[in-house]
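One structure is given here, and the rest of the page talks about it.
There are 2 protein chains.
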Amino acid sequence: MTNQYYLDTSKFLVAADCIIFGFRDKELHILLTRRPVEPEAGEWSLMGGFVSENESLEDAAKKVLFDYTQQRGIYMEQVNAYGEIDRDSGGRVISVAFYALVRLEEFDTTLAQKFDARWTNIKELPQLVFDHNKMVHDALTLLRFKVSMQPIIFKFFDEKFTLPALQDLYEAIYQHPIDKRNFRKKLASMNILDKLDEKETVSSKRGAFYYTFSEEKYMEYLASGKYFSL
Amino acid sequence: MTNQYYLDTSKFLVAADCIIFGFRDKELHILLTRRPVEPEAGEWSLMGGFVSENESLEDAAKKVLFDYTQQRGIYMEQVNAYGEIDRDSGGRVISVAFYALVRLEEFDTTLAQKFDARWTNIKELPQLVFDHNKMVHDALTLLRFKVSMQPIIFKFFDEKFTLPALQDLYEAIYQHPIDKRNFRKKLASMNILDKLDEKETVSSKRGAFYYTFSEEKYMEYLASGKYFSL
DNA sequence: ACAAAAGTGTTCACACTACACCCATGG
DNA sequence: CCATGGGTGTAGTGTGAACACTTTTGT
Numbered sequence: 011m012t013n014q015y016y017l018d019t020s021k022f023l024v025a026a027d028c029i030i031f032g033f034r035d036k037e038l039h040i041l042l043t044r045r046p047v048e049p050e051a052g053e054w055s056l057m058g059g060f061v062s063e064n065e066s067l068e069d070a071a072k073k074v075l076f077d078y079t080q081q082r083g084i085y086m087e088q089v090n091a092y093g094e095i096d097r098d099s100g101g102r103v104i105s106v107a108f109y110a111l112v113r114l115e116e117f118d119t120t121l122a123q124k125f126d127a128r129w130t131n132i133k134e135l136p137q138l139v140f141d142h143n144k145m146v147h148d149a150l151t152l153l154r155f156k157v158s159m160q161p162i163i164f165k166f167f168d169e170k171f172t173l174p175a176l177q178d179l180y181e182a183i184y185q186h187p188i189d190k191r192n193f194r195k196k197l198a199s200m201n202i203l204d205k206l207d208e209k210e211t212v213s214s215k216r217g218a219f220y221y222t223f224s225e226e227k228y229m230e231y232l233a234s235g236k237y238f239s240l
Numbered sequence: 011m012t013n014q015y016y017l018d019t020s021k022f023l024v025a026a027d028c029i030i031f032g033f034r035d036k037e038l039h040i041l042l043t044r045r046p047v048e049p050e051a052g053e054w055s056l057m058g059g060f061v062s063e064n065e066s067l068e069d070a071a072k073k074v075l076f077d078y079t080q081q082r083g084i085y086m087e088q089v090n091a092y093g094e095i096d097r098d099s100g101g102r103v104i105s106v107a108f109y110a111l112v113r114l115e116e117f118d119t120t121l122a123q124k125f126d127a128r129w130t131n132i133k134e135l136p137q138l139v140f141d142h143n144k145m146v147h148d149a150l151t152l153l154r155f156k157v158s159m160q161p162i163i164f165k166f167f168d169e170k171f172t173l174p175a176l177q178d179l180y181e182a183i184y185q186h187p188i189d190k191r192n193f194r195k196k197l198a199s200m201n202i203l204d205k206l207d208e209k210e211t212v213s214s215k216r217g218a219f220y221y222t223f224s225e226e227k228y229m230e231y232l233a234s235g236k237y238f239s240l
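First to last, the sequence lines map onto chains A and B.
Anchor point for the first sequence: position 164 equals 174 in the numbering used here, and the numbering is continuous, going up by one each time.
Anchor point for the second sequence: position 31 equals 41 in the numbering used here, and the numbering is continuous, going up by one each time.
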């Protein structure tokens with residue numbers, strides 16, 4: 011099967027590292043763990059794993075995500091491949107980073123303890139092993155771009171959400187405040203949300219209406235020739 | 011040196027494939043070659059090579075670029091890693107794609123013959139081996155985005171260029187016509203170009219003034235708080 | 001003189017920004 | 001009744017889009 015031409019060349023360990031984003035306490039967080047093996051055992055690290063023979067890069071990343079979150083169907087996107095010779099002090103490893111957006115409402119906190127993992131506010135990011143800080147930085151840059159171009163922000167929520175929460179998330183991602191009226195005006199003009207009768211009454215006395223993202227309305231929006239832009 | 015933990019895992023061939031963009035005849039072109047080895051020998055392919063033990067991914071891509079163009083300091087950027095199990099019918103290969111922008115004025119055409127390479131209009135792209143068509147598609151998407159956000163379009167030119175040529179290039183990248191006056195107005199408002207006294211008189215009788223991109227003016231532009239956007 | 005490409009301003013529509021007050025409710 | 005967060009409209013400014021004619025020069 012494998013061609014002769016392919017045999018005389020170096021082979022490499024390949025890892026998939028995941029920047030797992032979640033939204034909590036009006037701030038964007040990422041899931042970090044204490045690295046379980048040498049070198050740099052015990053230091054903060056992204057979730058990762060080696061790619062094995064019978065899986066694609068995406069499969070490997072999905073496996074990592076499932077192991078640490080027990081969620082399936084997580085939104086995931088490749089960030090970049092990292093291939094400096096000495097990026098991993100334990101040996102030559104080429105790593106492909108993926109970012110993922112998880113619904114924190116569904117997150118099983120017992121998992122966190124099992125893996126010595128912690129949700130960390132992106133504003134208080136510690137020093138991470140190897141080039142993981144760079145990976146997070148690149149992932150954030152990509153996330154900011156993607157959020158502005160595609161309706162992926164809704165993947166942070168478990169189905170329904172309130173407009174104040176959506177705005178808080180948006181502000182957490184971009185790290186700057188935006189005007190409430192302008193934000194809502196823009197969303198209204200897109201007409202891609204369904205307003206529910208239900209209210210969320212935990213974070214305020216008056217309560218904020220829940221909304222859901224409507225795939226159908228979004229399709230109509232696209233069909234009308236417009237492009238999503240937030 | 012290499013830790014025990016790293017030893018029990020699969021290793022992979024890793025390739026660097028380059029989408030080399032150039033501008034000619036008012037159209038965007040990419041450099042393709044006839045694949046020299048089985049499988050799919052003789053079919054159209056991107057330029058690529060395997061990564062070796064003592065080089066980073068970027069180094070491998072730079073080597074490929076130098077081999078095929080003899081130019082140094084080519085602008086290059088990573089597109090994505092491709093890791094489907096059966097993407098290469100010759101064996102399991104993980105490939106990292108890079109796009110590059112070359113100055114066609116400096117291109118040595120004898121090289122093309124040596125490698126059985128050809129500049130191909132992106133509008134007439136043939137079927138390529140493996141997933142190379144997808145790589146080109148992804149590279150084009152990224153190029154379009156980057157061109158709109160950073161002044162990399164000037165890397166297509168050897169120092170000086172005319173405004174009509176710049177506009178032609180811009181239209182070739184985005185595949186749609188733009189208004190001449192609006193285009194020039196926008197460039198003028200940015201004030202990042204230096205007008206030369208010299209004219210280019212090959213493509214018109216009247217002649218078009220040459221311009222150069224001014225790094226200093228660009229720095230001032232950024233310092234004024236504005237962001238490049240074309 | 002004419003063909004072929006270079007160069008140049010104005011108007012209009014729309015989108016983005018800034019901005020302040022009333023509402024509903026629980027304690 | 002008051003503190004807390006939810007919800008709403010308007011006016012001004014700036015940016016992008018549409019649009020046509022004059023200039024230069026080689027043949």
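In this text, a Cβ means the ideal position worked out from N, Cα and C, and glycines have one as well.
T25 of chain B - DSSP class collapsed to helix/strand/coil: First, the residue type needs correcting, since residue 25 of chain B is Ala and not Thr in the sequence shown. DSSP places A25 of chain B in strand when its eight states are reduced to three.
Out of B:N131, B:F171, B:E169 and B:Y180, which one is the CA nearest neighbour of F155 of chain B? B:Y180
According to DSSP, residues forming a beta bridge with D204 of chain B: B:T222
Does S62 of chain A come within less than 8 angstroms of chain B when only Cβ atoms are used? yes
Against chain B: residues of the region 17-31 of chain A by CB proximity under 7 angstroms: T19, S20, K21, F22, L23 and V24
Looking at the secondary structure, which residues open and close the alpha helix (DSSP H) in which I183 of chain A lies? L173 to Y184
Establish whether the CB of V106 of chain B and some CB of chain A are separated by less than 8 angstroms. By this cut-off, V106 of chain B is an interface position.
Would you tell me roughly how many angstroms separate the C-alpha atoms of F164 of chain A and F223 of chain A, rounded to the nearest one? 7 angstroms
Flag M11 of chain A as yes if its beta-carbon sits less than 8 angstroms from any beta-carbon of chain B, otherwise no. Any reading at M11 of chain A must be qualified, since the residue scores a pLDDT of 46, below 50, and its modelled position is unreliable; no value is offered.
Below 8 angstroms between beta carbons: does that hold for T19 of chain A and L240 of chain B? no
Looking at C-alpha atoms only, which residue of A:L153, A:T43 and A:Y231 is the closest neighbour of L135 of chain A? A:T43
Output the boundary residues of the beta strand (DSSP E) element that contains L41 of chain A. E37 to R44
Residues of the region 95-119 of chain B with a CB closer than 8 angstroms to any CB of chain A: list them in chain order, please. I95, G100, G101, R102, V103, I104 and V106
If you scan the region 112-153 of chain A from start to end, which runs of the beta strand (DSSP E) of 3 or more residues do you find wholly inside it? Fully enclosed beta strand (DSSP E) runs of 3 or longer: 127-131.
Counterpart residues of Y78 of chain A in DSSP-defined beta bridges: Answer by DSSP bridge pairing: none, since Y78 of chain A is not bridged.
Which of helix, strand or coil DSSP assigns to V157 of chain A: helix
Measure how close the beta-carbons of V106 of chain A and A91 of chain A come, nearest whole angstrom, since I'm counting them as under 8 angstroms. 5 angstroms
Minimum C-alpha distance to E210 of chain A - residue among A:M159, A:L176 and A:Q137: A:L176
Should L75 of chain B be flagged as near chain A, meaning a C-beta pair shorter than 8 angstroms? Chain A contact via Cβ: absent.
Output, in chain order, the set of chain B residues within a Cβ distance shorter than 8 angstroms of Q177 of chain A. Result: empty, since nearest Cβ-Cβ is about 23 angstroms, beyond 8 angstroms.
For F76 of chain B, does the count of other Cβ atoms within 10 angstroms reach 16, so buried, or fall short, so exposed? Burial call: exposed.
Taking any Cβ of chain A, which residues in the region 77-91 of chain B have a Cβ under 9 angstroms from it, in chain order? Q88, N90 and A91
Hey, is L173 of chain B's beta-carbon within less than 8 angstroms of any beta-carbon in chain A? no
Backbone CA spacing between L197 of chain B and K205 of chain B [nearest angstrom]: Approximately 12 angstroms between the Cα atoms of the pair.
Taking only the alpha-carbon atoms, compute the straight-line gap between R102 of chain B and T119 of chain B and give it to the nearest angstrom. 34 angstroms
Nearest-angstrom Cβ-Cβ length linking Y109 of chain B and L152 of chain B, presumed shorter than 8 angstroms: 7 angstroms
Is the beta carbon of P161 of chain A sitting closer than 8 angstroms to the one on F238 of chain A? yes
Residues of chain A with CB under 9 angstroms from L7 of chain B, in chain order? This structure does not reach residue 7 of chain B, given that chain B is present from 11 up to 240, and the question cannot be answered.
Proximity of E53 of chain B and V146 of chain B at Cβ, strictly below 8 angstroms: no
Contact defined as beta carbons within less than 8 angstroms: I believe L111 of chain A pairs with R34 of chain A. What is the distance between those atoms, to the nearest angstrom? Their Cβ separation, rounded to whole angstroms, is 13 angstroms, which puts L111 of chain A and R34 of chain A out of contact at 8 angstroms.
Would you identify the three-state DSSP class for K215 of chain A, choosing helix, strand or coil? coil
My output table needs one value for I269 of chain B: the three-state DSSP class, helix, strand or coil. A question about residue 269 of chain B goes unanswered here, because the residues of chain B that appear run from 11 up to 240.
Among residues of its own chain, excluding the 5 on either side of S94 of chain A, which ones have a beta-carbon nearer than 8 angstroms to its beta-carbon? Note on identity: in this sequence residue 94 of chain A is Glu, with Ser being the wrong assignment. In its chain, beyond the 5 residues on either side, D141 have a beta carbon closer than 8 angstroms to the beta carbon of E94 of chain A.
So is D98 of chain B buried or exposed if we call it buried at 16+ other beta carbons inside 10 Å? buried
Let me know the secondary structure DSSP gives R34 of chain B once reduced to three states. R34 of chain B: strand per DSSP, three-state reduction.
When B:D96, B:E68 and B:S199 are compared against G83 of chain B, the one with the closest alpha-carbon: B:E68
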